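Student: Input: one structure, supplied below.
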Amino acid sequence: MSSTSSSKRRTSSEGSSTSTTNNNGSLEIESGDVVRLVLQFLKENNLMQSYNALLEETGVSMNVIDNLDTFLSDVRHGHWDTILKTVTHIKLPDKTLMLLYEQIVLELIEMKEFGAARSVLRQTDPMIKLKKTDPDRYMRLEHMMAQDFFDPRQAYGEGGSRESRRAALAEALAGDVTVAPPSRMLTLLQQAVKWQQHTGILPSGASIDLFRGKTAVKELEEERMVARVHKTIKLGGKSHCESAAFSPDGKFLVSGSVDGLIEVWNHKSGKLRKDLRYQAEERIMMMETPVLALAFSRDSEMLVSASQAGKMRVWKVSTGQCLRKYERAHAEGITCVAFSRDNSQIASSSFDHTVKIHGLRSGRMMKEFRGHKSFVNSVCYSMDYSRLISASSDGTVKIWHIKSGECVSTLDSFGGPTTTGLTVNSAQLVPHQPETLIVCNRSNTLYMVNFKGQVLRSMTNKQKKSGDFVSCLVSPRGNFVYALAEDGQLHAFVQETGDLRLTTKAHARGPIGVLHHPHENIVCTYGEDGAMHLWRPAQAATSL
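In terms of numbering that gives the first Met the number 0, the sequence shown opens at residue 0 and continues consecutively.
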């Protein structure tokens, strides 16, 4: 039984080595082709022990030679030592192998190399098989070897010759072998990397971790406070950025503009990513109304955009393809979006006073959270993804249990009675502190609070006039807090102490948002003045 199963497996492996496209358009690669690529690599690198082990275990043969013309020329000229080295590594039909070894025996007899002829005839597998399957043909060779003379007519037939017999053998071998260029696996890998760079999946010029399919991980920079504008992205015409997001892998900076355009930028050069084909061809991702919110999936493959009209779109960033549309995600504009841990759901907040969770596969709303009495300005998942944290213009931050849909805590009055009812712009988690939030309300003070509502620390810019914050963020490793005020000033605090370390003019008018690169010391600010500023540290390190 096991022998039969093994035989079936090997027959399947040795079948057609073509790759096909199935009904949904994806390419199916034959497993036998993959094995052949590895076999060629092992052979070319003289890893013959591994080669033979893989050959024996899979039953897949290469039947591939590097150069057919050279191979057939060696047959026609009788270079049998070279031919035997080649056929050792390929699988030929028994019929062809017996023809080959029979020719070798005949030519050894003709040269009176009887000892060698006897060894080939009596000790090689093809000749042993010939003796069993065609004993008359085998005995003819034995008789010719015992004769004192060589008769070409007896060996090659009436009118035949050694050359004509070699030519016939070459023709037979040509039908049983195929030609493949050398180093096919490395060539295919290089082509795949080039294509991914061409389509924007991998950045051009970067070191590639080939096994993981990502850019090689660099040693993390020491987290330093930014202090100067390194590059400025200026949107065309009267347009300005309403939302922006860095991808978790740090490759993409995406802007969502007031005119509905969604554009991908190179955060190092400040230029549009023309290595993405759809942008080079001016097929820009877009929505019908201003794009108020953007968020990436955790694997950086997908981008969700949300508009003032209450619609959402999910995009494949590398191709610009729209994967999912939510035409009525909310009754009013959507202020914030976030992917779940497994990228299967999207949380959203809206001017319609609600927070919702939408299924990516179904395209439908799965849960709705009601309780806020005004606009909901931000939403994020807790670090364990079991809860949602929402911030509202009603002056509260609410914590929701996702499974039950219940509000488990309402936080307010962060700075005492005088701050009650102040619009809360956002509530963000502090890295490495699972139940700690930075609350940004419409005042000149940020509050670090825990999930019980206790204020742990406050950070103020001491500017009572036009100093109210509109947006803030915590740096990826939690060392710094950056806040953008309505007067266009960017403020930077040391998170651990609350000390203000930097105040600098960021925007001439209408500051909107601030975000941080996930791995590098780069902060992006944007506003109604049409500028997106990319900030970097001063030349000298800013110490804590």
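In this text, a Cβ means the ideal position worked out from N, Cα and C, and glycines have one as well.
Keep in mind it's a predicted model, so treat the numbers as computed, not measured.
Distance check for F251 and D274, CA to CA, integer angstroms please.
Tutor: Taking the straight line from one Cα to the other gives about 12 Å.
Student: Once DSSP output is grouped into helix, strand and coil, what is the label at M458?
Tutor: If DSSP states are grouped into helix, strand and coil, M458 belongs with the strands.
Student: Which whole runs of the alpha helix (DSSP H) in the segment 81-119 are 4 residues long or more, in chain order?
Tutor: 93-109
Student: Take the Cβ of W194 as the centre, count every other Cβ of all protein chains shown within 10 Å, and call the residue buried at 16 or more, exposed below.
Tutor: exposed
Student: Please return the same chain residues whose Cβ sits closer than 8 Å to the Cβ of N424, not counting the five positions on each side in sequence.
Tutor: N376, S377, A390, C439, N440, R441, F468, V469, S470 and C471
Student: Kindly list the residues whose CB is nearer than 6 Å to the CB of M546, restricted to its own chain and excluding five residues on each side of it in sequence; keep chain order.
Tutor: As shown, the chain starts at 0 and ends at 543. That puts residue 546 outside it, with no answer to give.
Student: What are the boundary residues of the alpha helix (DSSP H) that P151 is part of?
Tutor: P151 to Y155
Student: Check this for me: beta carbons of S306 and I333, under 8 Å apart or not?
Tutor: yes
Student: For T51, which three-state DSSP category applies?
Tutor: A small fix is needed here, since residue 51 is Asn in this sequence, not Thr. Of the three classes helix, strand and coil, the one that applies to N51 here is helix, per DSSP.
Student: Can you tell me whether L38 is helix, strand or coil according to DSSP?
Tutor: In the structure shown, L38 sits in a helix (DSSP, three-state: H, G or I).
Student: Starting from the Cα of Q153, find the closest Cα among M143, D147 and V429 and give me that residue.
Tutor: M143
Student: According to DSSP, which residues form a beta bridge with T503?
Tutor: L489
Student: Taking only three categories from DSSP, how would you classify H239?
Tutor: coil
Student: To the nearest angstrom, report how far apart A308 and M458 are at their CA atoms.
Tutor: 35 Å
Student: Expressed to the nearest angstrom, what Euclidean distance is found between the alpha-carbon atoms of G156 and I108?
Tutor: If I take the Cα positions, the gap works out to 16 Å.
Student: Which residue marks the beginning of the beta strand (DSSP E) containing S349, and which one marks its end?
Tutor: Q344 to S349
Student: Along the chain, which unbroken stretches of the alpha helix (DSSP H) at least 4 residues long are found entirely within the segment 316-381?
Tutor: Whole alpha helix (DSSP H) segments, 4+ residues: zero.
Student: Report the rounded CA-to-CA distance for G477 versus F295, giving the unit in angstroms.
Tutor: About 20 Å.
Student: Keeping to the same chain, check which residues put their C-beta closer than 8 Å to that of K366; ignore five residues upstream and five downstream.
Tutor: K355, I356, I401 and G404
Student: Rounded to whole angstroms, what is the Cα-Cα separation between D298 and K324?
Tutor: 20 Å
Student: Alpha carbons only, please: which of K131, K372, G31 and V253 is nearest the one belonging to Y525?
Tutor: V253
Student: So what's T417 in DSSP terms, helix, strand or just coil?
Tutor: Note: T417 maps to helix in three-state DSSP.
Student: Find out if the Cβ-Cβ distance for the pair T565, T409 is shorter than 8 Å.
Tutor: Residue numbering for the chain in the displayed model covers 0 to 543; residue 565 lies beyond these limits and cannot be assessed.
Student: Identify the continuous beta strand (DSSP E) that holds Q432 and give its terminal residues.
Tutor: Q432 to N440
Student: From this set, M285, D383, K310 and L359, which residue's C-alpha is nearest S348's C-alpha?
Tutor: K310
Student: Locate the alpha helix (DSSP H) running through K131, then write down its first and last residues.
Tutor: D124 to T132
Student: Alpha carbon to alpha carbon, how far is I103 from R136? Give it in angstroms, no decimals.
Tutor: Going by the C-alpha atoms only, they are around 15 Å apart.
Student: Tell me which same chain residues have a C-beta within less than 8 Å of the C-beta of Q222, skipping the five on either side of it?
Tutor: Contrary to the premise, residue 222 reads as Glu rather than Gln in this sequence. S474, P475, R476, N478, F479 and N520, listed in sequence order.
Student: So, helix, strand or coil for E27, using DSSP?
Tutor: strand
Student: What residue range does the beta strand (DSSP E) around A296 cover?
Tutor: Reading off the sequence, residue 296 comes out as Ser, not Ala. First-last for S296: undefined, no H or E at that position.
Student: Is the CB-CB distance between L436 and L445 below 8 Å?
Tutor: no
Student: Put F70 into one of helix, strand or coil per three-state DSSP.
Tutor: It is helical.
Student: Under a Cβ-count criterion, where at least 16 other Cβ atoms within 10 Å of its own Cβ denotes burial, should H544 be classed as buried or exposed?
Tutor: Only positions 0 to 543 of the chain appear in the structure, and residue 544 is not among them; the question remains open.
Student: Assign V279 to one of two classes, buried (16 or more other C-beta atoms within 10 Å of its C-beta) or exposed (fewer than that).
Tutor: In the sequence on display, residue 279 carries Ala and not Val. Exposed.
Student: On the DSSP bridge list, what partners appear for R386?
Tutor: H400
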